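Student:
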Amino acid sequence: MNLIVVDASVVVKWFVEEEYSKDADRIRKDYLNQLIDIAVPSLLKYEVLNALRYSHAFGEDELREVGKALDDYQFLTIPLREEYLDGTIRRALKHGITIYDASYIAIGDVRRCEVYTADNKLLNKVGDDPIIKHVRNYRSRL
-8 MNLIVVDASV VVKWFVEEEY SKDADRIRKD YLNQLIDIAV PSLLKYEVLN
42 ALRYSHAFGE DELREVGKAL DDYQFLTIPL REEYLDGTIR RALKHGITIY
92 DASYIAIGDV RRCEVYTADN KLLNKVGDDP IIKHVRNYRS RL
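Going by our numbering, the sequence shown wraps up at 133, each residue one higher than the last.
Take a look at the structure:
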């Protein structure tokens, strides 16, 4: 099974309709159909809930439901240790990005897989790195 990394900007789009939501949903559908597996840093669920909280589209009950839904996904969750820690720090300093953003890229580096994001600012900072792709470029495995 193919392994990919998705960042919080992609997963947020599974819960709100906005630009690139349809692209993000192709990833979700492939994951649910067991065509791909998804690796994420352990902070993903917190990042997604935080983004949805500040979208002002979700109240307490809705956020709780999203939290439960996120917990139901059986992502390969990577703790910040060893080569993931080293890679996260290296990428953050190299590209001038947050540790949060760098953690997703470090997983892609270590696992040798593609990293998908909907964050245009992040893509501009990392340049033409071949493992980091915009979610609109994801091709369904169906």
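C-beta: ideal position from N, C-alpha, C; glycine also.
A quick note: this is a predicted structure, and the numbers were derived from the prediction, not measured.
If I follow the unbroken alpha helix (DSSP H) through Ala30, where does it start and stop?
Tutor: What you label residue 30 is simply residue 39 of the sequence shown in a count that begins at 1. No alpha helix (DSSP H) holds Ala30; the beta strand (DSSP E) holding it covers Ile27 to Pro32.
Student: Can you tell me where the beta strand (DSSP E) holding Leu67 begins and where it ends?
Tutor: Residue numbering aside, residue 67 sits at position 76 when the sequence shown is read from its first letter. First-last of the beta strand (DSSP E) with Leu67: Leu67 to Ile69.
Student: What's the call for Ser131, buried or exposed, on a 16-neighbour Cβ count within 10 Å?
Tutor: Counting from 1 along the sequence shown, the entry for residue 131 is found at position 140. The residue is exposed, with fewer than 16 neighbouring Cβ atoms inside 10 Å.
Student: How about the stretch 94 to 103 and the stretch 53 to 64: do they share at least three Cβ pairs that are nearer than 8 Å?
Tutor: No, the stretch 94 to 103 is not in contact with the stretch 53 to 64.
Student: Got a sec? Which residues, its chain only, sit under 8 Å from Lys20 by beta carbon, not counting five neighbours each side?
Tutor: For this step, residue 20 is matched to residue 29 along the sequence shown. Taken in chain order, the residues that qualify are Ser131 and Leu133.
Student: Here's a check: name, in chain order, each residue in its chain whose Cβ is nearer than 7 Å to the Cβ of Gly78, leaving out the five neighbours to either side.
Tutor: For the purposes of this step, residue 78 is identified with residue 87 of the sequence shown, where counting begins at 1. The answer, listed in chain order, is Ala97, Asp100 and Val101.
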